[in-house]
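J.: Residue numbers (the working numbering), protein chains in the order written: chain A, 1 to 268; chain B, 1 to 301. Note that the Cβ used here is the ideal one computed from N, Cα and C, for glycine as well. From a predicted model like this one, the values you see are computed outputs, not experimental measurements.
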Ligand SMILES: Nc1ncnc2c1ncn2[C@@H]1O[C@H](COP(=O)(O)OP(=O)(O)O)[C@@H](O)[C@H]1O
Ligand SMILES: [Mg+2]
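(1) At a Cβ cut of 9 Å, what residues of the segment 91-111 of chain A count as close to chain B, listed as they run along the chain?
(2) Is the segment 217-227 of chain A touching the segment 35-45 of chain A in the sense that three or more CB pairs, one from each, lie closer than 8 Å?
(3) Is there a Cβ from chain B that is less than 8 Å from the Cβ of residue 87/A?
(4) Enumerate in chain order the residues of its own chain whose CB-to-CB distance from residue 246/A is below 6 Å, with the five nearest sequence positions on each side excluded.
(5) Excluding five sequence neighbours on each side, which residues of the same chain lie with their C-beta closer than 7 Å to the C-beta of residue 158/A?
(6) Kindly indicate if chain B contains any beta-carbon less than 8 Å away from that of residue 236/A.
(7) In terms of residue numbering, what span does the alpha helix (DSSP H) encompassing residue 80/A cover?
(8) Can you give the Cα-Cα distance for residue 119/B and residue 85/B, rounded to whole angstroms?
(9) Are the beta-carbon atoms belonging to residue 277/A and residue 88/A less than 8 Å from one another?
(10) Could you work out which residues of chain A lie near residue 183/B, taking near to mean beta carbons separated by less than 9 Å?
(11) Are any of the Cβ atoms in chain B nearer than 8 Å to that of residue 232/A?
(12) So the beta strand (DSSP E) residue 26/A belongs to, where does it begin and stop?
(13) In whole angstroms, give me the CA-to-CA distance for residue 288/B and residue 89/B.
(14) In angstroms with no decimal places, state the Cα-to-Cα distance between residue 262/B and residue 14/B.
(15) Using only the heavy atoms of ligand 1, determine whether one of them is closer than 7 Å to the beta carbon of residue 125/A.
(16) According to the neighbour-count rule (16 or more other Cβ atoms, all chains shown, within 10 Å of its Cβ), is residue 59/B buried or exposed?
(17) Counting contacts by CB-CB distance shorter than 8 Å, is residue 271/A in contact with chain B?
(18) I'd like to confirm something about residue 23/A: is its beta-carbon nearer than 7 Å to some heavy atom of ligand 1, or not?
(19) Who are the near neighbours of residue 201/B in its chain, counting only those whose CB is closer than 6 Å to its CB and skipping five residues on each side?
(20) Flag residue 117/A as yes if its beta-carbon sits less than 8 Å from any beta-carbon of chain B, otherwise no.
(21) Using the three-state DSSP reduction, which class does residue 247/A fall into: helix, strand or coil?
(22) Comparing the C-beta of residue 114/A with each C-beta of chain B, is any distance below 8 Å?
(23) Between residue 187/B and ligand 2, is there a pair consisting of the residue's CB and a ligand heavy atom that are separated by less than 7 Å?
(24) Is residue 48/A close to ligand 2? I mean its beta-carbon at under 7 Å from any heavy atom of the ligand.
(25) Please report the straight-line C-alpha distance between residue 84/A and residue 186/B, rounded to a whole angstrom.
(26) For residue 19/A, would you say it is in contact with chain B, using Cβ-to-Cβ distances shorter than 8 Å as the test?
(27) At what residue ranges does the segment 243-267 of chain B contain a whole run of the alpha helix (DSSP H), taking only runs of 4 or more?
(28) Tell me which same chain residues have a C-beta within less than 8 Å of the C-beta of residue 183/A, skipping the five on either side of it?
(29) So, is residue 232/B buried or exposed, given that buried needs 16 or more other C-beta atoms within 10 angstroms?
(30) So, are the CB atoms of residue 293/B and residue 244/B less than 8 Å apart?
(31) Residues of chain A with CB under 7 Å from residue 177/B, in chain order?
(32) So is the beta-carbon of residue 202/A under 7 Å away from any non-hydrogen atom of ligand 3?
(33) Please compile the residues from chain A whose C-beta is within a distance smaller than 9 Å of the C-beta of residue 170/B.
(34) Tell me the DSSP bridge mates of residue 104/A?
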């Protein structure tokens with residue numbers, strides 16, 4: 001039963017760039033129907049690579065899944081080209097707010113509906129319902145709206161595709177805290193009200209753990225932890241390295257020395 | 001003053017044809033990053049295809065009907081040739097070094113030229129019977145050949161159609177999106193390969209009609225492909241990836257050519273008309289390497 005309600009299963013995949021650089025070394029992740037799952041980890045851990053492996057965009061960067069498999073709704077998709085994967089309803093929102101600069105906000109949204117070009121009016125209304133700011137800015141070139149609005153624009157653009165699974169890469173990157181809060185609330189509503197399953201990559205661990213009931217922690221191309229958010233919030237490693245909740249200069253132990261080394265590696 | 005007006009008006013009209021061809025060139029560059037050096041030959045092919053259709057059709061129907069049908073036929077054949085060219089010669093080059101791709105287009109230019117000469121011979125051919133009446137129309141005191149006026153109308157009409165296509169259709173928007181950020185477009189299910197193919201198809205169509213119009217003005221021979229090569233100064237001026245730039249650039253180069261021919265030919269007899277745009281291009285490059293409206297391509301990794 002628990003097995004059956006997983007819509008996405010990443011089974012022990014290995015990913016290489018340019019046929020030599022091994023970046024993912026056996027990653028397994030599952031996303032349940034209607035759920036939000038967070039994928040956490042420091043810069044360079046391989047989070048974006050994982051998302052690209054699912055969406056097929058790896059091919060565009062000369063990356064390849066060299067081992068393992070990815071199943072979506074019971075079908076193996078890891079050999080399919082990106083266009084075929086989008087046709088099955090998986091859409092990745094690439095990190096870095098990549099709007100189409102020379103199109104207006106509304107035109108950006110329309111391109112999102114490329115694969116489903118009917119019923120555009122209603123869908124635009126839905127997007128504007130969640131992002132009223134986009135309605136105000138709809139005739140402005142997307143290259144000229146604020147960073148927060150660009151992030152809303154790329155999320156709205158993916159909504160236009162009626163995704164069956166949304167892969168969301170670091171939506172909080174470089175945004176002001178209040179704006180991040182606003183966007184995360186909307187992400188949560190999208191999941192609850194529109195029933196869009198989301199695989200969320202984040203470095204803002206605190207927020208990610210509040211919106212996602214389940215999370216994976218990735219380090220150096222491997223999943224090193226995988227638990228419910230409740231448990232992860234209590235986990236001393238997470239508290240220490242991601243949430244900054246333990247007081248520095250307290251008792252020292254071997255574990256902390258190990259952590260310290262790891263942290264140094266993360267910061268490098 | 002009359003000479004000035006005459007040169008000015010015909011310059012704009014001639015320039016509109018360059019603008020049309022340049023629009024096709026810019027599209028390929030914007031969407032796929034290919035610097036296409038075969039644009040002149042696309043113009044040549046289009047001109048000959050249209051001439052051939054026209055001469056076959058005109059025997060059985062009125063002149064204008066035959067010509068319009070021939071243009072429609074040229075557009076259709078252009079579309080097919082464009083899709084085929086992309087599929088056969090350029091698809092495999094995706095991701096190869098830019099210089100290699102440019103060399104492929106150089107190879108294509110020789111290939112196309114050779115094909116045209118094999119099929120239609122190298123002699124100058126003209127649209128006979130004449131499509132447009134030879135009597136000039138007097139506008140504001142200057143006489144303008146009707147062929148210029150109709151060429152201008154046709155070029156403008158086609159450009160408006162293309163611009164509407166980009167602005168208001170699903171594939172038009174997706175093409176623009178792909179030109180802006182290919183990976184993001186891909187993430188939404190836009191097929192970059194199909195966008196490249198469409199760009200080539202539209203370029204072939206634009207060049208085909210451009211070649212037809214030039215052929216009506218001067219007759220068809222090898223030199224039409226040299227006129228087609230004028231897209232290079234046009235796009236350097238307007239910006240390699242700007243559609244409005246292509247249009248303004250086309251008209252500017254048309255004017256420049258006409259004025260050079262009208263005023264400087266006495267001092268530098270023969271050829272100044274042909275060289276002027278290229279001199280202009282070299283000088284202009286020194287000052288504004290991205291053209292008037294071009295943007296520097298930002299490579300995002
Ligand atoms: N196109 C690429 N070619 C080669 N190496 C890459 C490429 N993209 C990412 N990498 C490498 O893969 C590792 C993981 O990158 P990425 O998945 O972007 O990490 P994250 O998203 O967790 O910050 C990094 O070491 C990065 O340098
Ligand atoms: Mg990343």
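T.: So, from the data block:
(1) The segment 91-111 of chain A vs chain B, Cβ under 9 Å: 91, 92, 93, 94, 96, 98, 99, 100, 101, 102, 103, 107, 108, 110 and 111.
(2) With a cut-off of 8 Å on Cβ pairs, the segment 35-45 of chain A is in contact with the segment 217-227 of chain A, counting three or more such pairs.
(3) Translated into the one-based positions of the first chain, residue 87/A becomes position 87. Among the CB atoms of chain B, one or more fall inside 8 Å of the CB of residue 87/A.
(4) As a working mapping, residue 246/A is identified with position 246 in the first chain. Per-residue confidence for residue 246/A stands at a pLDDT of 49, beneath the threshold of 50, marking its modelled position as unreliable; the derived number appears in the next sentence. Same-chain partners within the cutoff: 239 and 240.
(5) By 1-based counting over the first chain, the position of residue 158/A is 158. Cβ neighbours of residue 158/A beyond the five flanking positions: 91, 93, 112 and 166.
(6) Here residue 236/A refers to the residue found at position 236 when the first chain is read from its first residue. It does not: the Cβ of residue 236/A has no partner Cβ on chain B nearer than 8 Å.
(7) Residue 80/A sits at position 80 when you count from the first residue of the first chain. Careful: residue 80/A lies outside any alpha helix (DSSP H) and carries neither H nor E.
(8) Residue 119/B sits at position 119 when you count from the first residue of the second chain. Residue 85/B sits at position 85 when you count from the first residue of the second chain. Straight-line measurement puts the Cα of residue 85/B at about 18 Å from the Cα of residue 119/B.
(9) No statement about residue 277/A is possible, as the shown extent of chain A runs from 1 to 268 and does not include it.
(10) As a first step, residue 183/B must be located in the second chain, where it is residue number 183. Close partners of residue 183/B in chain A (Cβ separation under 9 Å): 57, 60, 61, 94 and 98.
(11) Mapped onto the first chain, residue 232/A falls at position 232. The beta-carbon of residue 232/A is placed no less than 8 Å from the nearest beta-carbon of chain B.
(12) For the purposes of this step, residue 26/A is taken as residue 26 along the first chain, with counting starting at 1. Counting along the chain, the unbroken beta strand (DSSP E) around residue 26/A starts and ends at 21-32.
(13) Here residue 288/B corresponds to residue number 288 of the second chain, with the count starting at 1. Here residue 89/B corresponds to residue number 89 of the second chain, with the count starting at 1. Straight-line spacing of the CA atoms in residue 288/B and residue 89/B works out to 32 Å.
(14) For this step, residue 262/B is matched to residue 262 along the second chain. For this step, residue 14/B is matched to residue 14 along the second chain. Between residue 262/B and residue 14/B, the C-alpha separation is close to 14 Å.
(15) Residue mapping note: residue 125/A aligns to position 125 of the first chain, counting from 1. Exclusion of residue 125/A from the 7 Å shell around ligand 1 follows from its C-beta lying no nearer than that to any non-hydrogen atom of the ligand.
(16) Taking the first residue of the second chain as position 1, residue 59/B is located at position 59. So residue 59/B counts as exposed.
(17) Since the first and last residues shown for chain A are 1 and 268, residue 271/A lies out of range.
(18) Taking the first residue of the first chain as position 1, residue 23/A is located at position 23. For ligand 1, at least one heavy atom lies less than 7 Å from the Cβ of residue 23/A.
(19) Position 201 of the second chain, counted from the start, is the residue given in the question as residue 201/B. Cβ-Cβ distances below 6 Å link residue 201/B to 79, 82 and 83 in the same chain, with the five nearest sequence neighbours on each side left out; the list follows chain order.
(20) As a working note, residue 117/A is residue 117 in the first chain. Interface residue (Cβ-Cβ distance to chain B less than 8 Å): residue 117/A is classified as such.
(21) As a first step, residue 247/A must be located in the first chain, where it is residue number 247. Because residue 247/A sits at a pLDDT of 47, beneath the cut-off of 50, its placement in the model cannot be relied upon, and the point is left open.
(22) Here residue 114/A corresponds to residue number 114 of the first chain, with the count starting at 1. Taking a beta-carbon distance threshold of 8 Å, residue 114/A counts as an interface residue toward chain B.
(23) As a working mapping, residue 187/B is identified with position 187 in the second chain. When distances are taken from the beta-carbon of residue 187/B to the heavy atoms of ligand 2, even the shortest one reaches 7 Å or more.
(24) Counted from its first residue, the first chain places residue 48/A at position 48. Within the cutoff, so yes.
(25) On the first chain, position 84 is the one that residue 84/A refers to. On the second chain, position 186 is the one that residue 186/B refers to. Residue 84/A and residue 186/B: Cα-Cα distance of roughly 11 Å.
(26) In the first chain, counting from the first residue as 1, residue 19/A sits at position 19. No - not a single Cβ of chain B is within 8 Å of the one on residue 19/A.
(27) Contiguous alpha helix (DSSP H) elements confined to the segment 243-267 of chain B occur at 243-259, taking only those with 4 or more residues.
(28) Residue numbering aside, residue 183/A sits at position 183 when the first chain is read from its first letter. So the qualifying residues of the chain are 148, 151, 152, 155, 171, 172 and 175.
(29) In the second chain, the residue the question calls residue 232/B occupies position 232. Under this definition residue 232/B is a buried residue.
(30) On the second chain, position 293 is the one that residue 293/B refers to. On the second chain, position 244 is the one that residue 244/B refers to. Yes. Within cutoff.
(31) Start at 1 with the first residue of the second chain, and residue 177/B comes out as number 177. For the C-beta of residue 177/B, the chain A residues within less than 7 Å are, from N- to C-terminus, 100, 103 and 111.
(32) In the structure shown, ligand 3 is absent; the only ligands present are ligand 1 and ligand 2.
(33) On the second chain, position 170 is the one that residue 170/B refers to. Under the 9 Å cutoff, chain A gives 110, 111, 113, 114 and 117.
(34) On the first chain, residue 104/A is found 104 positions in, with the first residue counted as 1. 141/A.
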